[in-house]
Structures are given as C-alpha cells and as structure tokens.
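Below is one structure, written out as structure tokens; comments come after it.
Number of protein chains: 2
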Amino acid sequence: MEKPKNGGIENLRMAVLDMIQSEGLALGDKLPTEKAMAERFQVSRPTLREALKLLERDAVIEAQQGKGRFIAAGAALSIARPITKFESVSDMVRSHGYNAQTTVLGFSTLPADEEIAVALSLETGSPVLRVERLRHAKGEPLVYSVDWIPQKLFGNGVHGEADWAGSIVDLLADIDKRPVASTATVKSVMLPDMVVRMHNLETFGSALLIEEICYSADGSRVIFAQDYHRGSAFSFSFVRK
Amino acid sequence: MEKPKNGGIENLRMAVLDMIQSEGLALGDKLPTEKAMAERFQVSRPTLREALKLLERDAVIEAQQGKGRFIAAGAALSIARPITKFESVSDMVRSHGYNAQTTVLGFSTLPADEEIAVALSLETGSPVLRVERLRHAKGEPLVYSVDWIPQKLFGNGVHGEADWAGSIVDLLADIDKRPVASTATVKSVMLPDMVVRMHNLETFGSALLIEEICYSADGSRVIFAQDYHRGSAFSFSFVRK
DNA sequence: AGGCGCACAGTTGTCAAACAAGTTGAGGTG
DNA sequence: CACCTCAACTTGTTTGACAACTGTGCGCCT
Numbered sequence: 001m002e003k004p005k006n007g008g009i010e011n012l013r014m015a016v017l018d019m020i021q022s023e024g025l026a027l028g029d030k031l032p033t034e035k036a037m038a039e040r041f042q043v044s045r046p047t048l049r050e051a052l053k054l055l056e057r058d059a060v061i062e063a064q065q066g067k068g069r070f071i072a073a074g075a076a077l078s079i080a081r082p083i084t085k086f087e088s089v090s091d092m093v094r095s096h097g098y099n100a101q102t103t104v105l106g107f108s109t110l111p112a113d114e115e116i117a118v119a120l121s122l123e124t125g126s127p128v129l130r131v132e133r134l135r136h137a138k139g140e141p142l143v144y145s146v147d148w149i150p151q152k153l154f155g156n157g158v159h160g161e162a163d164w165a166g167s168i169v170d171l172l173a174d175i176d177k178r179p180v181a182s183t184a185t186v187k188s189v190m191l192p193d194m195v196v197r198m199h200n201l202e203t204f205g206s207a208l209l210i211e212e213i214c215y216s217a218d219g220s221r222v223i224f225a226q227d228y229h230r231g232s233a234f235s236f237s238f239v240r241k
Numbered sequence: 001m002e003k004p005k006n007g008g009i010e011n012l013r014m015a016v017l018d019m020i021q022s023e024g025l026a027l028g029d030k031l032p033t034e035k036a037m038a039e040r041f042q043v044s045r046p047t048l049r050e051a052l053k054l055l056e057r058d059a060v061i062e063a064q065q066g067k068g069r070f071i072a073a074g075a076a077l078s079i080a081r082p083i084t085k086f087e088s089v090s091d092m093v094r095s096h097g098y099n100a101q102t103t104v105l106g107f108s109t110l111p112a113d114e115e116i117a118v119a120l121s122l123e124t125g126s127p128v129l130r131v132e133r134l135r136h137a138k139g140e141p142l143v144y145s146v147d148w149i150p151q152k153l154f155g156n157g158v159h160g161e162a163d164w165a166g167s168i169v170d171l172l173a174d175i176d177k178r179p180v181a182s183t184a185t186v187k188s189v190m191l192p193d194m195v196v197r198m199h200n201l202e203t204f205g206s207a208l209l210i211e212e213i214c215y216s217a218d219g220s221r222v223i224f225a226q227d228y229h230r231g232s233a234f235s236f237s238f239v240r241k
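As given, the protein sequences belong to chains W and Z, one line each in that order.
Using UniProt numbering, you'd call the opening residue of the first sequence number 1 and step up by one each time.
Using UniProt numbering, you'd call the opening residue of the second sequence number 1 and step up by one each time.
So, in structure tokens, the structure goes:
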C-alpha cells in the first residue's frame with residue numbers, strides 16, 4: 001500500500017507515476033477511478049485531482065468525462081529526465097552517463113556589460129564574477145560553459161579561492177542562494193572561433209547552446225549561464241502539448 | 001469582472017495569467033488570496049487550486065503556506081511561446097517572424113525500417129509515407145524536415161495528390177487524426193552530407209534537430225518527424241524547475 | 001425476433017463548508 | 001522595553017454532495 005508519506009502534491013504525483021510503472025500500465029490503459037486512487041493513496045479527491053492535473057499537463061494521462069482516465073503519450077518519456085527539469089550541468093552530464101571532470105579555463109571579476117546586466121537585473125558596470133569552464137571525459141570535451149554571477153552575492157565574505165571546479169549550485173547553496181529554477185533558451189551554434197583557438201576545441205563540432213537565467217528561491221537572479229553542449233554527445237527530451 | 005466562460009481549468013489558468021498581466025504584477029508581488037480569486041472568477045477554491053497548481057509548475061507563481069502566493073521567475077517568459085507547447089512547424093516558423101514558403105523535395109511510399117517502425121509502433125516493413133520538405137524565406141533555407149506517416153491512416157481514401165506543401169497537421173485533421181501532442185528530443189547536429197549535396201544547402205550551417213513522435217487525440221501515433229532548424233534562425237525558450 | 005428508447009450505475013467535473021497548519025501583527029504583561 | 005500570547009489571515013486538506021457525461025442492459029413496442 002503506497003503512501004506519499006510527507007505532505008505535498010509532488011509526492012502524490014510521483015506515487016501515481018510509480019503506480020503506473022509498477023502495474024505496467026501502457027498507452028491507452030485505464031487508470032483506477034479517482035475514488036479508488038484517493039483511497040489507495042490516503043488523500044481526498046480534490047487533492048488527488050491537483051496531482052492528476054499535473055500529469056495531464058505532462059501528457060502522461062488523459063481524462064475523459066464519464067469514462068475515466070487513461071494513459072497518454074507522455075508516459076514512457078516521463079521517466080527520463082526532461083529538459084524542463086532544473087538540474088545542474090554536473091548532474092545533467094552524469095545523467096547522460098559520463099564520468100566527467102571539470103577544468104577551470106578562466107576566472108575573473110569584471111564590470112557587467114549591457115547583456116549581462118540586463119540578464120541579471122543589475123546596473124551596467126556592476127561587478128560580476130565570470131567563470132569559464134570545460135567539462136570533459138576521457139580526453140573528449142563535452143560541455144564548454146561560461147557563468148556570470150553578481151559579485152554582491154558574496155558580499156564581504158571570502159569567496160576568494162573557492163573550488164570553482166566543483167558545482168556552482170553547491171557554492172550558492174552555502175550562502176542560501178541555491179538556484180531552483182531558470183528561464184532558458186536553446187539554439188544550435190558553432191563554438192565561437194576564439195574559444196576554439198584558445199582552448200584547442202577543433203573537434204567539438206556543432207554545439208547545443210543553452211542560455212539560462214537561474215533564480216534562487218527568494219526570486220533573485222543568481223547566475224547567467226551559457227552552456228555549449230557538444231552536439232554529438234547530448235540530446236534532451238521533453239513533452240509538447 | 002473576468003469569467004472563464006466555458007468550463008475548463010485551462011481557461012481559468014489563462015484568466016489568472018491575464019489578471020497578472022493586466023494588473024502589472026511583477027516578480028515577488030503578492031497575488032490576491034485564493035478566496036478572493038475564487039470569488040472573482042466565480043469558481044470554487046478546489047477548482048481554482050487546480051489551475052494555480054499548473055501555474056506553479058510553470059514557475060509562474062509560488063505558494064507559501066500561511067503567507068500567500070507570489071509571482072515567481074517564469075512569469076515574464078510565460079507569455080512567449082515555449083518549446084513545450086505543441087504547434088505545427090508552419091506555425092512555429094510564422095511565430096519566429098518569417099513569411100516562409102514550402103517546397104516539397106520528395107514524396108514516396110516505402111516500407112518502414114526498424115527505427116521508423118518502432119517510433120510509429122508499426123510492424124517493420126509496413127507501408128509509410130515519407131515527405132521531405134524545405135521551408136525557406138527570401139531564398140534562405142530555414143527548416144529541412146522529413147515526415148513519416150503510416151499509410152494505413154489514409155486507408156482506402158484517395159490521399160493521392162494532396163497538397164503536401166501545406167500543413168500536414170491540417171491534412172490529418174481532415175481524417176480526424178489531428179496531432180495534439182508529441183514526445184520530442186532535441187540535439188545539435190550538422191545537416192547530413194547527402195542532404196546538403198542533393199539540395200544545395202551549403203549555407204545551412206549547424207542545425208537544431210527536433211525529432212518528435214506526434215500523437216492524435218485518440219492516442220495513436222500519426223507522425224514521426226525530423227525537423228532540422230537552421231541554427232542561426234531559430235531559438236526556443238522554456239522554463240526549468 | 002429484432003430494434004428502439006429509457007432508466008440506471010459508473011466516472012469525471014464542480015461546488016460549499018469546515019478544519020488543520022503555518023505566518024503575521026497587535027496588544028498585554030513582566 | 002523585551003517578551004509572550006493570542007487572534008486574524010492564508011494556504012493545505014478533507015468531507016460530502018450534486019451536476020454532466022458515458023456506456024450498458026432491460027423492457028417495451030413494432
């Protein structure tokens with residue numbers, strides 16, 4: 001008998017997904033009725049419906065009034081990590097099956113130009129940290145990334161020589177500014193010529209560029225990131241509805 | 001006094017978005033209480049909460065028990081068309097500001113190979129239609145796409161020489177198989193050499209490849225599509241949370 | 001016998017009222 | 001002035017009910 005344990009619609013949503021998977025329900029199959037599921041998960045129907053509505057939006061299930069709820073197209077894909085789920089680049093690389101290392105190519109403090117200032121909602125010229133890094137595995141480059149972080153986040157604290165080779169997400173978590181969401185754009189580009197020449201990345205090929213502005217729980221913008229994913233190494237999945 | 005008019009959580013969700021926009025609420029601002037909004041939109045609290053939960057998932061709003069609901073990071077971006085919203089390539093190109101024409105490069109019926117059969121849930125060797133097209137504007141190529149469609153969808157009907165230069169979505173809508181959702185993967189690639197040579201696409205550059213399996217309302221798979229978007233011409237946005 | 005219509009049970013969609021849990025601020029008390 | 005208490009407010013959840021829609025099976029009429 002499954003139970004969501006702690007409160008929260010999100011756990012309930014997971015519980016339903018688990019049920020779908022463990023019962024081996026396939027596309028078109030009928031789910032138990034709302035009443036049955038509410039009893040099974042020990043919640044009320046309105047609460048259950050909030051969770052089901054989320055699954056509906058992910059195209060995992062589909063409701064037909066008077067008939068029931070049925071497994072829809074997105075069910076198979078919902079197990080994989082969709083691009084719409086926020087996670088650090090480190091986690092993303094790992095989830096693609098790579099055991100990657102990080103090399104810090106550059107680190108500096110400089111005044112924000114127009115683009116960066118707008119993205120981070122700062123005054124043009126405000127000091128920002130710029131971290132340029134490369135993730136690679138077995139000698140092959142995987143992700144070239146540039147991160148900008150407002151310097152004021154570290155205030156008077158000694159950000160000095162933190163381990164920029166580690167996860168920036170963890171660093172920000174330490175000062176209570178862990179990013180939890182982002183607005184992102186994706187496009188296909190070639191790695192900039194200068195970058196290729198300076199860091200010997202001739203083999204990189206076409207890149208999937210994800211530019212994102214990361215927000216912490218309090219709503220402040222904490223990172224502007226440009227991540228160039230090696231085209232031949234990464235693909236991302238999602239549901240469209 | 002706004003009203004969702006017809007039933008449906010989706011309209012309610014839109015109504016809340018409209019309210020946010022029309023009242024000019026910005027990041028961090030507090031929304032009216034659930035009670036107030038329920039009265040305003042003439043729905044019950046449980047119903048309203050289903051809509052609010054969807055906005056929460058899109059990172060448009062954020063709930064804090066005991067305090068209220070607040071505008072979150074995704075609000076600004078929720079107005080633009082996210083990549084997660086299903087739409088035809090024609091609509092997508094138009095929404096990027098291009099007035100594009102479509103050229104049919106190839107059209108044939110052939111047996112499904114392994115990959116296509118799996119994607120469309122058919123027997124290997126089943127007859128499928130293959131449509132190869134190029135969208136272009138002002139002489140510049142924008143999207144090179146290949147679509148596979150199970151031939152049995154057109155049954156005994158005369159699919160003969162339909163206007164494949166138009167929207168395939170519309171064609172399928174005519175036979176009650178309009179695609180309404182898809183599962184997609186995105187990656188960055190170079191256009192295949194053969195395609196470049198055969199259709200003079202040397203200027204295409206790196207491409208954003210979206211592969212998607214489209215589903216109709218009844219859950220059947222109706223299209224397997226490979227759309228190569230010219231990297232310099234397209235970018236897509238979305239919210240990660 | 002066959003076909004038609006209708007009542008009925010089952011399911012999702014919606015609602016109203018209430019309580020539980022967390023937050024905030026005002027007012028009283030030491 | 002500092003601290004505590006409590007009431008008011010807000011979101012989270014539950015209960016019970018009714019409305020709208022779908023499919024089925026039974027009885028009735030032809």
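No residue lacks a Cβ here, since even glycine has one placed at the ideal position from N, Cα and C.
Along the segment 120 to 145 of chain W, there is no position whose C-beta sits under 7 Å from a C-beta of chain Z. Burial state of Asp113 of chain Z is exposed, judged by a 10 Å Cβ sphere holding fewer than 16 other Cβ atoms.
Going by DSSP, Ala184 of chain Z is part of the beta strand (DSSP E) stretching over Pro179 to Met190. Residues of chain Z whose Cβ lies closer than 9 Å to the Cβ of Phe234 of chain W are, in chain order, Lys187 and Ser188.
With contact defined as three or more Cβ pairs closer than 8 Å, the segment 176 to 188 of chain Z and the segment 201 to 208 of chain Z are in contact. Nothing from the segment 163 to 177 of chain Z brings a Cβ to less than 7 Å from some Cβ of chain W.
Glu211 of chain W is bridged by DSSP to W:Thr185 and W:Gln226. Take the alpha-carbon of Glu62 of chain Z and the one of Asp218 of chain W: they are about 10 Å apart. With a threshold of 8 Å between beta carbons, Ser88 of chain Z makes no contact with chain W. Cβ contact annotation for Ser121 of chain Z (same chain, cutoff 6 Å, sequence separation greater than five): Arg221, in chain order. Gly8 of chain W has a beta carbon lying at 8 Å or more from every beta carbon in chain Z. Rounded to the nearest angstrom, the gap between the Cα atoms of Gly231 of chain Z and Met190 of chain Z is 10 Å. Taking CB atoms only, Thr33 of chain Z has no neighbour in chain W less than 8 Å away. Judged by their CB atoms, Tyr144 of chain W and Val60 of chain W are not nearer to each other than the 8 Å cut-off.
Beta bridge pairing from DSSP links Gln64 of chain Z with Z:Gly68.
Between Thr103 of chain W and Arg133 of chain W, the CB-CB gap stays under 8 Å. Contacts between Ser237 of chain Z and chain W, judged by CB atoms closer than 9 Å, involve Thr183, Ala184, Thr185 and Val186 in chain order.
A straight line joining the alpha-carbon of Tyr215 of chain Z with that of Ile223 of chain Z spans about 7 Å. At least 8 Å separates the beta-carbon of Val43 of chain Z from that of Ala181 of chain W. Annotation for Gly28 of chain Z: Phe70 and Ile71 place their beta carbon closer than 7 Å to its own, counting only its chain and skipping 5 residues before and after. A Cβ-Cβ separation of about 5 Å places Ile9 of chain W in contact with Glu50 of chain W under the 8 Å criterion. Among the CB atoms of chain W, one or more fall inside 8 Å of the CB of Lys241 of chain Z. Listed along chain W are Arg240 and Lys241, each with a C-beta nearer than 8 Å to that of Lys85 of chain Z. Taken through DSSP and simplified to helix, strand or coil, Leu134 of chain Z comes out as strand.
Only residues of its own chain outside the window of five on either side were considered, and among them Ile71 have a CB closer than 6 Å to the CB of Leu25 of chain W, listed in chain order.
By the Cβ neighbour-count rule, Ala165 of chain Z is exposed, with fewer than 16 other Cβ atoms within 10 Å of its own. Shown here, Thr124 of chain Z sits in coil according to DSSP, grouped into three states, outside any helix or strand.
If you check the CB distance, Arg135 of chain Z and Trp148 of chain Z do not come in under 8 Å. Our two residues, Ala38 of chain Z and Lys53 of chain Z, have alpha carbons roughly 14 Å apart in a direct line. Any Cβ of chain W closer than 8 Å to the Cβ of Leu208 of chain Z would place that residue at the interface, and such an atom is present.
Residue pairing by DSSP places Glu140 of chain W opposite W:Ala137 in a beta bridge.
In this structure, the alpha-carbon of Lys30 of chain Z lies about 17 Å from that of Arg57 of chain Z. Within the segment 49 to 73 of chain Z, contact with chain W at the beta-carbon level (separation under 7 Å) is assigned to Arg49, Glu50, Lys53, Leu54, Arg57, Ala59, Ala72 and Ala73.
For Tyr215 of chain W, the nearest beta carbon of chain Z is closer than 8 Å to its own beta carbon. Between Glu212 of chain W and chain Z, the shortest Cβ-Cβ separation is below 8 Å.
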